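Undergrad: I'd like to ask some things about the structure below.
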Amino acid sequence: MQPQQPPVQLRTQSQAAGASAKADGAASVRPTDDSVKLTDSAKALDAASRADGIDSKRVEELRAKIADGSYKPDAQAIASKFLAMEAQMGGNA
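Structural data, given as structure tokens:
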């Protein structure tokens, strides 16, 4: 008695061509060109992050005023600026 051989799977020529095309297609996929568009706010934040941002002369002036007691901050003006900044950032102020 002869041992049974496993069944043979037959593929048509079109099935083989389709499988080959899928394999070739996967290797030949080209990446697309991606692009990013920044909003004006993002551009401003980027510019601000690149800048030094510290006015050393102004810092020294404020330190001197604080030291001699002549610095009198305007709480109303500070609060108004905070509210304006919050509104620019999309808050409900």
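The numbering of the sequence shown is my numbering, which starts it at 53 and goes up by one.
Glycine included, every Cβ here is placed at the ideal spot set by N, Cα and C.
Small disclaimer: the values here were computed from a predicted structure and weren't measured.
Expressed to the nearest angstrom, what Euclidean distance is found between the alpha-carbon atoms of ALA136 and GLY143?
TA: Looking up residue 136 in the sequence shown gives position 84. Looking up residue 143 in the sequence shown gives position 91. In a straight line, the C-alpha of ALA136 is about 10 angstroms away from that of GLY143.
Undergrad: Taking the alpha carbon of ASP126 as the point to measure from, which residue in PHE134, GLN140, ALA119 has its own alpha carbon closest?
TA: Locating residue 126 in the sequence shown gives position 74, where the first residue counts as 1. Here the closest residue by C-alpha is PHE134.
Undergrad: Would you kindly work out how many angstroms separate the C-alpha atoms of TYR123 and SER108, rounded to a whole number?
TA: Looking up residue 123 in the sequence shown gives position 71. Looking up residue 108 in the sequence shown gives position 56. Going by the C-alpha atoms only, they are around 17 angstroms apart.
Undergrad: Between the C-alpha atoms of ALA119 and ARG110, what's the straight-line distance to the nearest angstrom?
TA: Within the sequence shown, the letter at position 67 stands for residue 119. Within the sequence shown, the letter at position 58 stands for residue 110. When rounded, the distance between both Cα atoms is 14 angstroms.
Undergrad: Roughly how many whole angstroms lie between the Cα atoms of MET141 and ALA94?
TA: Your numbering for residue 141 matches position 89 in the sequence shown. Your numbering for residue 94 matches position 42 in the sequence shown. Roughly 12 angstroms separates the two Cα atoms.
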